[in-house]
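Asks: Here the sequence shown stands for residues 234 to 310, where the numbers follow our numbering. Ideal Cβ placement from N, Cα and C applies to all residues, glycine included. This one's a predicted model, so the numbers in the text were calculated from it and none came from an experiment.
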Amino acid sequence: MNKFIQHLFLRSLVAFACLSSRIIAYDIQHVEPPFWWTGMVDKKFQLMIHGENISDLNPEIDHKGVEIEKIHRLENK
């Protein structure tokens, strides 16, 4: 029984270590421009999103008529 508990503890420890290495804090600090509105003449615009570790994220949008045309990532760590 003691070996079983040791084995279970070791497997749990390895699983926890693998999962915790994937946990990263993302902190979006601000978005530029801070506002936009319907009725804009130019239908394309650029959003600049600033924050910690966000270059690792993959932005997605699920809204009819709206699409992400290009993503430009900076290596600013």
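Could you have a look at residue 312 and say whether DSSP puts it in helix, strand or coil?
Replies: Here the chain comprises residues numbered 234 to 310, so residue 312 is not present and cannot be evaluated.
Asks: Whose C-beta lies closer than 8 Å to the C-beta of residue 290 among residues of the same chain, with five residues either side of it excluded?
Replies: Excluding sequence neighbours, residue 290 sits near 259.
Asks: Please list, in chain order, all residues of the same chain as residue 347 whose beta carbon is under 7 Å from its beta carbon, the five residues on each side excluded.
Replies: In the structure as shown, the chain starts at 234 and stops at 310, and residue 347 therefore has no counterpart that could be examined.
Asks: According to DSSP, residue 261 sits in a beta bridge with which residue or residues?
Replies: DSSP lists 284 as partners of residue 261.
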